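A quick write-up on the structure given underneath.
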Amino acid sequence: MISIKDCLDYSDLTEDEVAVIAAHEHLPYASAAQMACCLAQSKDGTELLRCLLKNAVCDAAKCGHMEALRSAELAWSQFVANHPEA
């Protein structure tokens with residue numbers, strides 16, 4: 082059985098990135114980790130993850146949720162730094 086840590090290691094995603102995706106997409110953390118792991122394996126999937134994280138930033142800013150905004154901005158900037166090819 083593949084663990085959440087295996088998914089994170091395989092996809093080069095951080096726990097923070099997956100947490101933001103899970104919250105934004107209303108998914109359990111484990112489901113978000115599996116989804117992100119699959120998406121991170123292709124250029125189109127990586128671009129979709131970039132868009133999901135950017136949307137999380139925009140939505141948190143629109144709603145004025147400052148804590149969610151800080152988390153989303155950090156996750157988005159980490160993702161962009163670690164996946165510049167998208």
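Residue numbering for the sequence shown follows our numbering, beginning at 82 and increasing consecutively.
All C-beta atoms in this analysis are idealised placements derived from N, C-alpha and C, irrespective of residue type, glycine included.
All values derive from a computational prediction rather than experimental measurement.
- Contact check for GLU98 against ALA142 fails: the beta carbons are separated by 7 Å or more.
- Around the Cβ of ILE83, a 10 Å sphere holds fewer than 16 other Cβ atoms; the residue is exposed.
- DSSP, reduced to helix, strand and coil, places ALA121 outside both helices and strands of the structure shown, so it counts as coil.
- Taking ALA104 as reference, the option from LEU134, SER123, ALA162 and HIS164 with the minimal CA-CA separation is LEU134.
- Residue environment analysis places VAL138 among the buried positions, since at least 16 neighbouring C-beta atoms fall within 10 angstroms of its C-beta.
- The beta carbon of SER92 is closer than 7 Å to those of ALA117, CYS118 and ALA121 in its chain, skipping five residues each way along the sequence.
- CYS144 sits exposed, since fewer than 16 C-beta atoms from the chains shown fall within 10 Å of its C-beta.
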